[in-house]
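Okay, structure coming up:
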């Protein structure tokens, strides 16, 4: 393994902790992790006022189109989205309000991002910069 600096190790630790925290929070939501990732991508498109079709959602989530379609159907059955068609494009739109569990998820996610940002800021402002052999 190549040598990496102590600062780089600390940066990687902060990012890994953020990713693991996100995965843990997604798992707490229950059902399928991929379904929640699709729902977040739908929400992102809606929030940005650029709703995504199935193909764009597949690209954004790195999931196969068939998986995205399956999750959209499940979200429709749960009353979370409705699908509108625009020509040959199927575009899922959010309906209803967030469930309390979802609001808690975003609150926890915000805390994780703040903690990671703080850790990265501390690393960047520290004097640690020696090479450490990564074994």
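In this note's numbering, the protein residues as written are 1193 to 1327.
Cβ atoms here follow ideal geometry from the backbone N, Cα and C, with glycine treated the same way.
For residue i, does the count of other Cβ atoms within 10 angstroms reach 16, so buried, or fall short, so exposed?
i: residue 1327; result: Note that residue 1327 scores a pLDDT of 43, beneath 50, so its modelled location is shaky and nothing firm can be said.
i: residue 1256; result: exposed
i: residue 1230; result: buried
Report the rounded CA-to-CA distance for residue i versus residue j, giving the unit in angstroms.
i: residue 1262; j: residue 1224; result: 11 Å
i: residue 1351; j: residue 1312; result: This structure leaves residue 1351 out entirely; the chain is present only between 1193 and 1327.
i: residue 1252; j: residue 1258; result: 14 Å
i: residue 1269; j: residue 1241; result: 24 Å
i: residue 1227; j: residue 1219; result: 11 Å
i: residue 1199; j: residue 1244; result: 38 Å
i: residue 1307; j: residue 1317; result: 15 Å
i: residue 1195; j: residue 1206; result: 19 Å
i: residue 1282; j: residue 1222; result: 26 Å
i: residue 1278; j: residue 1247; result: 13 Å
i: residue 1260; j: residue 1239; result: 19 Å
i: residue 1280; j: residue 1249; result: 15 Å
i: residue 1299; j: residue 1232; result: 14 Å
i: residue 1197; j: residue 1276; result: 51 Å
Near residue i, what residues of its chain come up, given a Cβ to Cβ distance below 7 Å and the 5 sequence neighbours on each side ignored?
i: residue 1273; result: 1234, 1264, 1267, 1284, 1285, 1286 and 1287
i: residue 1301; result: 1214 and 1217
i: residue 1237; result: 1243 and 1244
i: residue 1297; result: 1217 and 1221
Which one or two residues does DSSP pair with residue i in a beta bridge?
i: residue 1235; result: Its beta-bridge partners do not exist; DSSP assigns none.
i: residue 1282; result: 1277
Within its chain, find whatever has a CB closer than 6 Å to the CB of residue i; leave out the 5 residues flanking it on each side and keep chain order.
i: residue 1329; result: Because the chain is modelled from 1193 through 1327, residue 1329 falls outside the range shown and cannot be assessed.
i: residue 1202; result: 1315
Relative to the ligand GTP, is the shortest distance from any of its heavy atoms to the C-beta of residue i smaller than 7 Å?
i: residue 1243; result: This structure simply doesn't include the ligand GTP, nor any ligand for that matter.
4-residue-minimum alpha helix (DSSP H) runs that sit fully inside the segment 1247-1277, ordered along the chain: 1257-1269
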